[in-house]
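Residue numbers (the working numbering), protein chains in the order written: chain A, 1 to 499; chain B, 1001 to 1101. Ideal Cβ positions, reconstructed from N, Cα and C, are used throughout, including at glycine. Quick notes on the structure that follows.
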Amino acid sequence: MTPAPDADAIVIGAGPAGMSCAIDLASAGFRVIVLDMQPSPGGQIFRALETNMMARPQTDELLSALGPSYRAGLALIERFRATPGIDFRPGTTVWDLRADGTVGWLRGNAAGYLRAPHVVLASGAMERPTPFPGWTLPGVMTAGAVQTLLKAGRLKPEGRIVLAGTGPLIFLLAEQLRRLGVRPALIARTDRLKDKLSALGQLRPAGFPALLKGLGWLARLRLAGIPMRTGISGLQALGRNRLESVRLIASGRTVDLPCDLLVVHDGIVPSTDLAHAAGLALEWRRDDASWRPRAATDGRAEMAPGPALTTGPRRIWVTGDARRIGGADAAIVHGRHATSAILAELRRAIGEPDGADRTGTAVERSLAARPFLDTAFPPGLAAQPPDDETIACRCEDITVRSLRIAIRDGANDMNLIRGLLRCGMGPCQGRNCSATLARLLAEAEPERPIPSSPFRARPPLRPIPLGALAGMTGLDPDLAQVESLDDKPEAIAGDDIHA
Amino acid sequence: MFAPIGSIEATMTVYLNGRSIPARAGETIAACLLRAGVSHFRTTPVTGARRLPYCMIGHCFDCLIEIDGIGSRQACLSPVEDGMTLRIQDGAATVPGVDIQ
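If you want it as structure tokens, here you go:
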């Protein structure tokens, strides 16, 4: 017999979407368990906000550099902390998710399974993987990584810094660094003026605040005299044991710059590892070089066709950036909207109505600036065909060349290539390379539809110590029974190469 | 590559390959070691190339390090603890006394 539910709902992720969803669910009388990898709530955007506020005045300089939009998260965090009925479990990693509402968790050296009739996936976004020659060298980091080091590490970069790529986060980070007295040697942008001109057609009044904010950052960076180039290509990180210099092509000329820290950013994409593992349908977006879950406006996830690991009703909802990239404000709106859909399904009312608009129209309005931003800052580093020497799989040091050779020799399936070359089989489980391999497959056969999903996922999605596995709680004896190979279509078809 | 913003109240000590490094309560191992200017956290099992953290939010797994004798832990997700013993992970993670190859 399946164990009883541990809560009325489990929310995965305590960022803006997860917090607003948990607050609404708990206010309606739900018992909600919230799991998050970090030690405190806030997600990446409000990372370490509580502790930075508590450490004042020591953190005054940092808080003023991070600006008012960072501090704005405090009200939501305080409400999240104060709402009865929320069982917040920080420092918890989720390594398994099933469509029937089963969640595998790890906290320290303890692990187990939890179950709820509703699971809300609010696991946010990741930076678009951007392979280029030398991107694995020590000294190359993402813009998100540097922001995390600012917020949670209270560290600022020093030395010769180059920012390369595209997207609003590049400007925000450069502006935050400027306020901390850090001057990048160059901001090398892949986007061009013509992207801005074509984006103007997408501009709606709802996008004006974002536009004004961006223009403000840009004006202050120009005023500070920080060199900026647009339309760059051919980015390379050079060095032996660590980054020593950066090479790129700007205005048709090769530029070499000595460099200690290369910060790259190519926009953000939904984090799909858990959705994919749960058997939810994903869709590949060629223009965006990324997958995203196929989910209704209210966050109701769609199952991928074919056999699944579990039977019974689908119990998963996807909210916030994990569904559609929109940033913190849009994530809050969507967290509320998804909750109202869950409550409507159960014919329950919102606990204490606060006047917030929880309709699908509010969701659409919150995302109104996206078409403009997406056109103004198209993927750059991830849009060019990667160079043969580039490492595609960071875990197993597999180059683009060896993947191209395997594809040319007839390996035309993601899982087959994983089996042949170990691409995607390392500790990151393909989080960094699956989109690159999908692009290489598309490059070889432009007519063929792109694989509708990344490498087939199997729990554990993240490493678990053996001791934690041995002492697991909440096990469902039925889950341990292997009754068929129904979830392995190739095995049934008699093709056992990569089953 | 990284310098503290303001003063850092380092009330703890961690040990990396025997070398003592001051640590601030609440920071991650990755932040602590980057502040200390550590050249790499691991070398890859395939080519022996050096790696430092890349994404800092638990996706890239390049910050893997040995923590208190257990290999392949994510330094960017693990908070420092006083007296923690860290080791740079050279090549594949090993289990003492066990041949896992």
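- According to DSSP, residue pairing for A:Ser245 in a beta bridge involves A:Leu238, A:Pro258.
- Residues of chain A whose Cβ lies closer than 7 Å to the Cβ of B:Ala1031 are, in chain order, Leu149, Ala152, Gly153, Leu155.
- If only uninterrupted beta strand (DSSP E) runs of at least 3 residues are considered, those enclosed by the segment 1053 to 1080 of chain B are 1064 to 1067, 1070 to 1074.
- DSSP places A:Glu127 inside the beta strand (DSSP E), whose first and last residues are 125 to 127.
- Taking C-beta separations shorter than 8 Å and ignoring five residues to either side along the sequence, the partners of A:Gly134 in its chain run Val140, Gln236, Ala237, Leu238, Gly239, Leu243, following chain order.
- According to the DSSP assignment, A:Asp374 belongs to the alpha helix (DSSP H) that extends over 370 to 376.
- For A:Val94, the uninterrupted beta strand (DSSP E) run begins and ends at 92 to 97, by DSSP.
- For a Cβ distance threshold of 7 Å, nothing in chain A lies close to B:Thr1085: the least Cβ distance comes to about 16 Å.
- Burial check for A:Glu352: the Cβ neighbour count within 10 Å stays below 16, so the residue is exposed.
- Under the criterion of beta carbons closer than 8 Å, A:Asp87 and A:Arg336 do not qualify as touching, at roughly 20 Å.
- Legend: CB atoms of the segment 1033 to 1051 of chain B lying less than 7 Å from CB atoms of chain A belong to residues Leu1034, Arg1035, Ser1039, His1040, Thr1044, Val1046, Thr1047, Ala1049, Arg1050, Arg1051.
- Sixteen is the threshold: when 16 or more other Cβ atoms of the shown chains lie within 10 Å of the Cβ of A:Gly279, as they do, the residue is buried.
- Interface residue (Cβ-Cβ distance to chain A less than 9 Å): B:Thr1013 is not classified as such.
- In the structure shown, B:Phe1002 adopts extended strand secondary structure according to DSSP, grouped into three states.
- Contact with chain A is absent for B:Ala1023, since none of that chain's Cβ atoms lies less than 9 Å from the residue's Cβ.
- Only Arg394, Cys395, Glu396, Asp397 from the segment 376 to 398 of chain A bring a Cβ to less than 7 Å from some Cβ of chain B.
- In the DSSP assignment, A:Gly467 falls outside any beta strand (DSSP E) and lies within the alpha helix (DSSP H) extending over 466 to 470.
- At least one beta carbon of chain B lies nearer than 9 Å to the beta carbon of A:Ala145.
- The Cβ-Cβ distance between A:Gly355 and A:Asp298 does not fall below 9 Å.
- In this structure A:Leu173 is not in contact with A:Leu186, their Cβ atoms being roughly 14 Å apart against a cut-off of 8 Å.
- Bridge partners of A:Pro157 according to DSSP: B:Phe1002.
- Beta-bridge partners assigned by DSSP to B:Thr1085: B:Tyr1015.
- Boundaries of the alpha helix (DSSP H) around A:Arg222: 208 to 223.
- According to DSSP, A:Glu283 shares a beta bridge with A:Arg292.
- Its chain contains Val1014, Ala1036 as the residues whose beta carbon lies nearer than 6 Å to that of B:Ile1021, once the 5 sequence neighbours on both sides are disregarded; these appear in chain order.
- The bridge partners DSSP lists for A:Met141 are A:Val263.
- Under a criterion of Cβ atoms nearer than 7 Å, the residues of chain B adjacent to A:Leu261 are, in order, Met1001.
- Burial check for A:Leu282: the Cβ neighbour count within 10 Å reaches 16 or more, so the residue is buried.
- DSSP, reduced to helix, strand and coil, places A:Leu346 outside both helices and strands of the structure shown, so it counts as coil.
- The shortest C-alpha to C-alpha distance from A:Arg401 to any of A:Asp357, A:Cys423, A:Ala382, A:Asp413 is the one to A:Cys423.
- For A:Ile187, the enclosing beta strand (DSSP E) has its first and last residue at 186 to 189.
- Selection A:Ala368, A:Arg31, A:Ala188, A:Asn415 evaluated against A:Ala210 yields A:Ala368 as nearest (Cα-Cα).
- A straight line joining the alpha-carbon of A:Leu262 with that of A:Ile226 spans about 15 Å.
- Of the other Cβ atoms in all chains shown, 16 or more fall within 10 Å of the Cβ of A:Glu175; this residue is therefore buried.
- Of all C-beta pairs linking the segment 122 to 132 of chain A to the segment 99 to 110 of chain A, fewer than three are shorter than 8 Å, placing the two stretches out of contact.
- The Cβ-Cβ distance between A:Pro5 and A:Ala125 does not fall below 9 Å.
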